[in-house]
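Undergrad:
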Amino acid sequence: MGRCCSPAPAQHGEGVCRHRPSVSRDDDHRACQDGAEGDRQRRPRSSTSVDQRPWEFVMTAYHGMPDVYVVGACVHARPTSAHRVAEHIRRMIFDKNLRAGQRVPQDEIAADLRVSRVPVREAVIALDHEGWVTSEPYRGAFVNGLDENSTRDHYDALGMLYGFTARCATERATDQDVAALESVHRRLQESTHPDEFHERSQEFLCRLQAMARSRRITAMGVMLTTHLVPGNFFAEVPGVMRIQKRSLRAVMQAIRNGQGAAAEQALSAMLHTQADNVVELLRARGLLVTGS
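For the sequence shown, the tail end lands on 466 under the working numbering, and the numbers increase by one without skipping.
1. Return helix, strand or coil for leucine 462, following the three-state DSSP convention.
2. Please report the distance separating the alpha-carbon of glutamine 448 from that of glutamine 280.
3. Apply the 10 Å Cβ neighbour rule to alanine 205 and answer buried if 16 or more other Cβ atoms are within range, or exposed otherwise.
4. Taking only the alpha-carbon atoms, compute the straight-line gap between alanine 353 and glutamate 364 and give it to the nearest angstrom.
5. Alpha carbon to alpha carbon, what distance is there between glutamate 356 and aspartate 201?
6. Do you know offhand how far glutamate 438's Cα is from serine 375's?
7. Ends of the alpha helix (DSSP H) at serine 365?
8. Alpha carbon to alpha carbon, how far is valine 298 from leucine 402?
9. What does DSSP give as the partner residues of leucine 320 in its beta bridges?
10. Thinking C-alpha only, which one of Val411, Glu410, Gly405, Cys380 is nearest valine 396?
11. Starting from serine 255 and walking both ways along the alpha helix (DSSP H), at which residues does that stretch end?
12. With distances taken Cα to Cα, identify the nearest neighbour of proline 404 among Arg295, Leu422, Trp306, Gly275.
13. Whole angstroms is fine: what's the gap from leucine 462's alpha carbon to glutamate 310's?
14. Determine the contact status of histidine 372 and asparagine 406, defining contact as a CB-CB distance below 8 Å.
15. Output yes or no for whether 8 Å exceeds the beta carbon distance between alanine 340 and leucine 441.
16. Which of helix, strand or coil does DSSP assign to glycine 314?
17. State the DSSP-derived secondary structure class of alanine 251, mapped to helix, strand or coil.
18. Looking at the unbroken alpha helix (DSSP H) that takes in proline 293, where does it start and where does it end?
19. Is the beta carbon of proline 412 less than 8 Å from the beta carbon of leucine 455?
20. Quick one: any contact between the region 423–430 and the region 273–287, if contact means 3 or more CB pairs under 8 Å?
21. What's the call for alanine 275, buried or exposed, on a 16-neighbour Cβ count within 10 Å?
22. Using only alpha-carbon positions, find the residue among Tyr329, Ala256, Arg420 that is nearest to aspartate 321.
23. Quick one: grab the DSSP three-state call for valine 278.
24. Give the list of continuous alpha helix (DSSP H) stretches no shorter than 4 residues that lie fully inside the region 329–378.
25. Over the uninterrupted alpha helix (DSSP H) stretch that includes valine 425, give me the two end residues.
26. Would you kindly report the start and end of the unbroken alpha helix (DSSP H) that includes valine 396?
27. Is it true that the CB of alanine 315 sits closer than 8 Å to the CB of alanine 256?
28. Would you decide whether valine 259 is buried or exposed? Buried here means 16 or more other CB atoms lie within 10 Å of its CB.
29. If the criterion is Cβ atoms closer than 8 Å, does the pair asparagine 318 and threonine 325 meet it?
30. Taking all protein chains shown into account, do 16 or more other C-beta atoms lie within 10 angstroms of the C-beta of histidine 290, making it buried, or fewer, making it exposed?
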């Protein structure tokens, strides 16, 4: 069955994506249908690259990849108070300062971070939606344990999204787009420090999403790009930087050769493999509970 990027201009509170209507809805629809049928010959690349278009491609900085970027001039957004509180609570759970079943001390957190109760409540609502906590009326929010099935499903879902993004990007990229992605990829492969590698990976994935030229993909990325591991994913989880370097080499080779299905498979497989490392880490830290 063919898959399609709906061109509906969905937006998200923190993310903004304003596209020039230079790619018609029919073109957007047709490109994804063609891509879903396999590696048929790509439509001719346009002569206008991502960087030449006056698009602002901005993605949420919601604790994970990618942070806020404007393609061609990457701009980081300052996290909101609610984002900072949510990351603080995730870190408390990850470091076992808050354990499964414990009540989240919202007043103490507000005092420690010197914020009002409003961003704390907003953070708790977001964490409830993510499954980190369960809010109970008149009782407060209580920590949930992380289960293996949900953890693996999280990364497999990200893999499907980013894999599909890679396919669409391959089919819609200009030669200039690919050359610019190659430049980012070279710097990524040369990175040895987790902080630098984190930045280069964000830039690579943001540019890839811009090359896909789809508002629906952007909106879905905003909704799904949440890491279960707080902080720098590549510093916290052993082995994932090596996996990402190897996998993105395969992705880049597939994009270079115009092979959308191969790019999709390589990026999807990367997230699936990284899930093993995350599960291993969570198990070692005693953070996994029996799945429901």
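Quick reminder that beta carbons are idealized off the backbone N, C-alpha and C, glycines included.
Nothing here was measured: the structure is a model prediction, and the numbers come from that model.
TA: Result, derived from the coordinates:
1. The residue you call residue 462 lines up with position 288 of the sequence shown. Note: leucine 462 maps to strand in three-state DSSP.
2. As a position in the sequence shown, residue 448 is number 274, starting the count at 1. As a position in the sequence shown, residue 280 is number 106, starting the count at 1. Each residue's alpha carbon lies about 33 Å from the other.
3. One-based indexing of the sequence shown puts residue 205 at position 31. Because the pLDDT at alanine 205 is just 41, under 50, the model does not fix this residue reliably, and the point stays unresolved.
4. Residue numbering aside, residue 353 sits at position 179 when the sequence shown is read from its first letter. Residue numbering aside, residue 364 sits at position 190 when the sequence shown is read from its first letter. So the alpha carbons of these two residues sit roughly 17 Å apart.
5. Your numbering for residue 201 matches position 27 in the sequence shown. Your numbering for residue 356 matches position 182 in the sequence shown. A caution first: aspartate 201 carries a pLDDT of 44, below 50, which makes its placement in the model unreliable, though a value can still be read off. A straight line joining the alpha-carbon of aspartate 201 with that of glutamate 356 spans about 26 Å.
6. One-based indexing of the sequence shown puts residue 438 at position 264. One-based indexing of the sequence shown puts residue 375 at position 201. Each residue's alpha carbon lies about 17 Å from the other.
7. As a first step, residue 365 must be located in the sequence shown, where it is residue number 191. Counting along the chain, serine 365 falls outside any alpha helix (DSSP H), and DSSP gives it neither H nor E.
8. Here residue 298 is taken as the residue at index 124 of the sequence shown, counted from 1. Here residue 402 is taken as the residue at index 228 of the sequence shown, counted from 1. The straight-line gap from Cα to Cα measures roughly 15 Å.
9. By 1-based counting over the sequence shown, the position of residue 320 is 146. Leu462.
10. As a working mapping, residue 396 is identified with position 222 in the sequence shown. Looking at the Cα atoms, Cys380 is the closest of the given residues.
11. In the sequence shown, the residue the question calls residue 255 occupies position 81. Per DSSP, serine 255 belongs to the alpha helix (DSSP H) from 255–268.
12. By 1-based counting over the sequence shown, the position of residue 404 is 230. Taking proline 404 as reference, the option from Arg295, Leu422, Trp306, Gly275 with the minimal CA-CA separation is Trp306.
13. Counted from its first residue, the sequence shown places residue 462 at position 288. Counted from its first residue, the sequence shown places residue 310 at position 136. If I take the Cα positions, the gap works out to 22 Å.
14. On the sequence shown, residue 372 is found 198 positions in, with the first residue counted as 1. On the sequence shown, residue 406 is found 232 positions in, with the first residue counted as 1. Cβ atoms of histidine 372 and asparagine 406: closer than 8 Å.
15. Mapped onto the sequence shown, residue 340 falls at position 166. Mapped onto the sequence shown, residue 441 falls at position 267. Yes, these two residues count as a Cβ contact at 8 Å.
16. In the sequence shown, counting from the first residue as 1, residue 314 sits at position 140. Strand, per DSSP.
17. Within the sequence shown, the letter at position 77 stands for residue 251. For alanine 251, the predicted structure reports a pLDDT of 47, less than 50, and the residue's modelled location is therefore unreliable. The matter cannot be settled from this model.
18. In the sequence shown, counting from the first residue as 1, residue 293 sits at position 119. Proline 293 -> alpha helix (DSSP H) spans 291–304.
19. Along the sequence shown, read from residue 1 onward, the residue named residue 412 stands at position 238. Along the sequence shown, read from residue 1 onward, the residue named residue 455 stands at position 281. Yes.
20. Contact between the region 423–430 and the region 273–287 is absent, because fewer than three Cβ pairs lie under 8 Å.
21. Locating residue 275 in the sequence shown gives position 101, where the first residue counts as 1. The sequence given here places glycine at residue 275; alanine does not occur at that position. Result: exposed.
22. The residue labelled residue 321 in the question sits at position 147 within the sequence shown. Out of Tyr329, Ala256, Arg420, Tyr329 has the C-alpha closest to the C-alpha of aspartate 321.
23. One-based indexing of the sequence shown puts residue 278 at position 104. Coil.
24. Complete alpha helix (DSSP H) runs here, min 4: 349–364.
25. As a working mapping, residue 425 is identified with position 251 in the sequence shown. Boundaries of the alpha helix (DSSP H) harbouring valine 425: 414–430, taken from the DSSP string.
26. Against the sequence shown, residue 396 aligns to sequence position 222. Note, valine 396: alpha helix (DSSP H), 389–398.
27. Position 82 of the sequence shown, counting from 1, holds the residue named residue 256. Position 141 of the sequence shown, counting from 1, holds the residue named residue 315. Not closer than 8 Å, so no.
28. Stepping through the sequence shown from its first residue, residue 259 is reached at position 85. Buried.
29. Counting from 1 along the sequence shown, the entry for residue 318 is found at position 144. Counting from 1 along the sequence shown, the entry for residue 325 is found at position 151. The answer is no: Cβ separation not under 8 Å.
30. On the sequence shown, position 116 is the one that residue 290 refers to. It is worth fixing the name first, because residue 290 is serine in this sequence and not histidine. With fewer than 16 Cβ atoms within 10 Å of its Cβ, serine 290 is classed as exposed.
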